[in-house]
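The numbering of the sequence shown is numbering that gives the first Met the number 0, which starts it at 0 and goes up by one.
In what follows, a single structure is set out as structure tokens and then discussed.
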Amino acid sequence: MSLEGRVAIVTGASKGIGLEIVKLLLHKGVKVAGWSRTDNDVTDPNYLFISVDVSDPESVAHAYNQTTEMLGEDVDILVNNAGVGHYGMMDEMPFEQWKQMFDVNVHGIYFVSNAVIPKMKELDRGHIINIGSIAGKNPVKGMVGYSGTKHAVTGISHSMFMELRDFGIKVTCIYPGSVNTNFFDDIESVTANENMMRPQDVASSVVHCLETHPNYLPVDFEVRPLRPKPTK
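Have a look at this one:
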């Protein structure tokens, strides 16, 4: 299905997977609102950057109003990509880091999705893509907080797809394995490397799901690097 002329919101659009999603959607002729704390280097007449904190409902409401004023009210694509991760054992992690992960990774999906769903129901169409993680299916030692949030994203996504399918709204959860981004900058035990997936390939999976036939609903989409460790 052609994406030309559609209107999308992409959260966490400043770098990594989110930035590549923005670029690919613009290439497909989509009008894109990039929501993130910081701007990126995208210059395109169909691109609108909005500074937003997805964990703050007032910030989200303001960003949604700006988006509809500038790009039109028919927002029918949402990519919930904003996320944060901290490494730490359960009894060692500061509460501030624990809370931040739940505020952004879980509550952010709640606030942003609630902003767009009413109009999507009115349009009788839409596609919400939640960027989960392999950590949302398989627990990871030392990532108890992050794994907890991504398990929540899995459950939320599954319930959302069941609630919204009768309104013509698709909900897809994508589960990437390790991706070569700055996500690992603050995690001492892991260093980003070329054996990880490229963020642009994860972005291509997002667009693939968006381009599916109107009556075809991809629910779970798991992607992993072929050789996650260097071969000898």
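Note that the Cβ used here is the ideal one computed from N, Cα and C, for glycine as well.
Counting of Cβ neighbours within 10 angstroms places Asn64 among the exposed residues, the total staying below 16. Three or more pairs of CB atoms, one per stretch, sit closer than 8 Å, so the region 210-230 contacts the region 161-175.
Under a 10 Å Cβ-count criterion, Leu47 is classified as buried, with 16 or more other Cβ atoms of the shown protein chains found around its own Cβ. Counting along the chain, Lys22 sits inside the alpha helix (DSSP H) bounded by residues 15-26. Contact annotation, Ile16 with Pro227: C-beta distance approximately 17 Å; criterion of less than 8 Å not satisfied. Going by DSSP, Ile168 is part of the beta strand (DSSP E) stretching over 168-175.
Leaving aside the five residues that flank Met0 on each side, the residues in its chain whose CB is nearer than 7 Å to its CB run, in chain order, Glu210, Thr211, His212, Pro213. With respect to Pro175, Met195 sits apart: the two C-beta atoms are not nearer than 7 Å.
Here Thr42 carries a coil assignment [DSSP, helix/strand/coil]. Counting the other CB atoms within 10 Å of its CB gives Asn79 a total of 16 or more, which places it among the buried residues. Between Val103 and Leu77, the C-beta spacing is not below 7 Å. In this structure, Gly167 sits away from Val152, with a CB-CB distance that is not shorter than 7 Å. Closest option to Asp75, judged by alpha-carbon separation, among Asp43, Val111, Ser13: Val111. Secondary structure note for Lys30: its beta strand (DSSP E) is the uninterrupted segment 30-35. The beta-carbon separation of Gly11 and Ser35, rounded to 6 Å, stays under the 8 Å limit for a contact.
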